[in-house]
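Residue numbers (our numbering), protein chains in the order written: chain Z, -1 to 234; chain H, -5 to 606; chain D, 8 to 285; chain L, 1024 to 1137. Think of the CB as a built atom: it goes at the ideal place given N, C-alpha and C, for glycine as much as any other residue.
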């Protein structure tokens, strides 16, 4: 975003700007909506949650004497008579990135007050998220069918199942919550709540298209976490 | 200059001329403050009893709700400590108590006091009440989320208290909840007790995250015109930095709670290696108990500062106001708070020197830990240098502050013992540790809480607490608490290990018997003395004398509200405009010995104001 | 005014308490005098700072207590004073840290000639294992533990056969000979702690931890568990007897080795995983 | 917040940049997948995984989450706390190596290797 115009405030670029923003009165993040700042700080906190999960995973995987199962084989699929490693995971990644892209465009159209476009893109994102959760459910059931449990598995170290279910479960919960909110916001956009400043159901505060960006931040974060899980859990 | 700007100035000139008397000719340029970036906050005003007092969205009411709930848990914790001291001092009189009971009391006392009492009181209680007032906001930025935050905390407390009544009782694993013993049979409350504890902690973290986001965004994005970060009272700095720590440290607690819950109910082995208990090999294997300790202390050490930093901030304000002098080295104080906060993420394993972790960590953590001693020491110097050449009102508030300095320096010095890795070896896991952390994060913050209660009670209720009762309350608490914990260090020197249900059959420990009786007596008296405060509050609410506006002649914005006590929205028609830091006391040339933050420079051109 | 006097008495009382206290550390019986010295150093530096800060505070209370007609000094900052105090504190802290790190360096580096002792902890008791003539301890696994193999020694490890087993909570040590305590636990955390030796370390299930010391005073000492390990924590005691060479060797000669134990048992069954009951 | 400001904020980016980033993300994901497909091993595998991971994460944060266009005040507030995580990771690597050594040495290998 280009810097917003604030009466009486001189924006400076780079670190100089950082110093003058921090030293100024009223706000530190100039022109940043309260809700957006809140979402950023929340995501920072959530980053620490996922970092702690992944660090625990590293410590657990690193210190076990039993061999870690080869994820490439465990998560492989047998399709059309060939074993394709990590096929499902690759599709899931594809789906999540697709939904991230549609979300980014939804934010753009939201700011342009293009109600229709924004609404459809959010709906597309929600459907992408739903597909992802569905595939994850399929993956879970496939692994459970193969005998992988949180406390044991036939392929190697028992911690494999523990960390797999915990981390993907926690990520999946995030996705599911995101999907629910995406549907709600798609409804709100289509119903025009942001154009006529309708007050919210719970908070009784007026809505604004900036909420789409806040939702977008959350959704991109979910995608971001998946990038790390994909690298550390499936590829490593 | 906009029209709004002009109007605003008329208002504050009228306001400040009351306190300042006449002034030099106003010069519009020097009083210029940028116009508001953000429009007025849209507030939801409650209409019914429920929306006004129960599910209320006013941060001040939420603060009081947090405060009362935390005090309730604190009283539970106090009673538990009495029971523990009864066992330690007079085991014959505590015949009803088994070792199981004792360990359950130890655990619940620790967890309640650290998390549900001190953290909730400082951040939830003082944070909610003071942040919007001190930065000049109408309310917290997300009042609805703030309300949910309190009720999550309330449910967390309810779940915690419920664990007293489940089969097997509350968990007795020690407040650190170290696995494997936490979820194994040999520990009391390893069934429902520990599960409820973990659920309660998770709820606390979720609720706290909601509150914490509010505090942070209010400080960062909702300050009033003219309120720069470097003009905020140190109270806000302390609570703000503590909240940052909480937002980044509580995730580790949440993660460890989730993993331990899974170990308990699903039989995963995150923290559980192969274990033989009562002759049977359990269905665990390959996990690492030390991982839990790392996660726990990655949360636990910042947690110490989550309690300490608000106390640092608040005490700075109290000392400054009541010695009628600016806080010495404000900039240094701010950087010290921020520095301590940042460093606190790099020192966690100094709790684990003898835990069996990689022994080479000792070098790293001893160094980082002792580095923290420097900013902390600077804060202490600045407090006493604030007293130096001040004009000290020796009222109850100041007494609590002086008590804080004595106990905090004492506890801080023993912290250097325990942080310095090889000195820690003989002293860790002994009574020295107990004495240290009670002195530094039990008694010292408690002194600040009490001082803050006496200081801000006139704001909250509009009435002054009784000074005579307050002094009795202080002296009994201070002398009693000091005589509990100062001698206790020496039990640690002998080598008396902590968490011992009874200990007197060792020859060199038998000498500790008399000491333990003395400590227990002191503990009973100190605990009972806290009821003086409750009596004082009830009496004051009924018959206390009216405080009026700004009874302490302080500068910060919370004393310049439109009504006392402040109503929802805090500042009436117009938000205050800030022109200076909150510590302009005894400025040469000024008529009174204080200049409120709202006083524009044009009114005090004849004074020698150095810092704004 | 009375406030200042009481605070002053508290400080004086603290100093007197320290001088006349009957409670102070036990006579040291190991090589870790360095720890005691570092504590003493920290005590003098820290105690000095504590007394100085408190006395200064009390002085301020006397000198600057409220008078209607006096105005406090107005001095927001004193850069020079702050800089001096920062550097002085940094130096003081560094002076305390350096000896601490030096001693820690000794603590984590075990001398080559140390005798290894395997200390096995469980809820709630101790037992010990010494290397046999080969000077090396055999490897162990918790799952091997049974009535017949109370230490869980791996049967295929040749070093384990001659290990000396002491199925008692009492152990003897040779005077003036460093020992490396290898701690392991079969259930929860424990900590093998003798106050007179100063040193301690947690026993953690799933790994083996270590520390070392050199006993230098003969006599009997009590072992305490210093890490909370469940309801029996306070009762989890043991004992150490530090002896001269001849006495120690005589004692060692009477102890049973793992091969003796195997020979004694006709039906050695590794699958039976019952922990030895005391 | 204010309507006036929102209108100023609506000077949004061209759609092209989002499509570009979108495409890049697909390409990078495909590359990551190829790392597994071709079964690269050892140092090459890990460095490729990390490079693609950080590139993807960086693109998402910088463009989809608009950090590239945000002011440094916000960016720095968000990135500096990661040093604590970095320290945690670094130390936990040392910790798991120590644990692994301890387990392997005392439970399996023993004095036999010396």
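Under the criterion of beta carbons closer than 8 Å, residue 1121(L) and residue 352(H) qualify as touching, at roughly 4 Å. Using beta-carbon distances, residue 1106(L) does not count as an interface residue toward chain Z, since no partner is under 7 Å. Put simply, the CB of residue 91(Z) is near chain L, with a gap under 7 Å to one of its CB atoms.
According to the DSSP assignment, residue 67(D) belongs to the alpha helix (DSSP H) that extends over 40 to 70. For residue 220(D), the uninterrupted beta strand (DSSP E) segment begins and ends at 216 to 220.
DSSP lists 424(H) as the beta-bridge partner residues of residue 491(H). If you check each beta-carbon in the segment 145 to 175 of chain D against every beta-carbon of chain L, the ones closer than 9 Å belong to 145, 146, 147, 148, 149, 161, 164, 165, 166 and 167. Within the DSSP bridge table, the entry for residue 228(D) names 247(D) as partners. Under the 10 Å beta carbon count, residue 94(D) is surrounded by fewer than 16 other beta carbons and is classified as exposed. In terms of beta-carbon proximity, residue 207(D) lines the interface with chain H, with at least one pair separated by less than 7 Å. At a beta-carbon threshold of 7 Å, the residues of chain L lying near residue 214(D) are 1122, 1125 and 1126, ordered along the chain. A contact between stretches requires three or more CB pairs, one per stretch, nearer than 8 Å, and the segment 251 to 263 of chain H fails this requirement with the segment 346 to 361 of chain H.
The three-state reading of DSSP puts residue 24(Z) in coil, since its state is none of H, G, I, E or B. Contact annotation for residue 1116(L) against chain D: no contact, minimum CB-CB distance about 16 Å [criterion: below 9 Å]. Counting C-beta pairs with one atom in each stretch, the segment 82 to 90 of chain Z and the segment 121 to 135 of chain Z have three or more that are closer than 8 Å, which means they touch.
In the assembly as shown, residue 297(H) is a buried residue. Its beta-carbon has 16 or more other beta-carbons within 10 Å. With contacts defined as CB atoms closer than 7 Å, residue 594(H) and residue 23(H) fail to qualify as a contacting pair. With the rule of 3 Cβ pairs closer than 8 Å, the segment 191 to 210 of chain H does not count as touching the segment 529 to 538 of chain H. One Cα belongs to residue 73(H), the other to residue 254(H), and the distance between them is close to 29 Å.
Non-local beta-carbon contacts of residue 106(H) in its own chain, meaning distances under 8 Å to residues more than five positions away in sequence, involve 67, 68, 70, 71, 74 and 154 in chain order. Chain H places no beta carbon closer than 7 Å to that of residue 224(D), leaving this residue out of the contacts. Around residue 264(D), the same chain offers 139, 168, 169, 170, 171 and 172 as residues with beta carbons nearer than 8 Å, after the five sequence neighbours per side are excluded.
For residue 257(H), the number of other beta carbons within 10 angstroms of its own is at least 16, and it is reported as buried. Comparing C-alpha distances from residue 327(H) to each of 533(H), 491(H), 378(H) and 410(H) shows the shortest one belongs to 378(H). Bridge pairing for residue 135(D): 126(D) and 173(D) [DSSP]. For a cut-off of 8 Å, the C-beta gap from residue 118(H) to residue 64(H) is around 7 Å, short enough to register as a contact. If you ignore the 5 residues before and after residue 333(H), its C-beta comes within less than 7 Å of the C-beta of 369, all in its own chain and listed in chain order. Proximity to residue 548(H) across 575(H), 527(H), 522(H) and 530(H) peaks at 575(H), based on C-alpha coordinates.
For residue 64(Z), the closest Cβ of chain L is not nearer than 7 Å. For residue 1111(L), the chain H residues whose Cβ falls inside 7 Å of its Cβ are 292, in order along the chain.
CA-to-CA, the gap between residue 1132(L) and residue 412(H) works out to about 36 Å.
Against chain H, a Cβ distance below 8 Å from residue 91(D) picks out nothing, because the smallest value is about 10 Å. In this structure, residue 26(Z) keeps its C-beta atom at 7 Å or more from the C-beta atom of residue 285(H). Here residue 166(H) is not near residue 176(H), since their CB atoms are 7 Å or more apart. For a Cβ distance threshold of 8 Å, residue set 215 of chain H lies close to residue 30(Z), ordered along the chain. Using a Cβ-Cβ cut-off of 7 Å, residue 1133(L) counts as an interface residue toward chain D, since at least one Cβ of chain D sits closer than that to its own.
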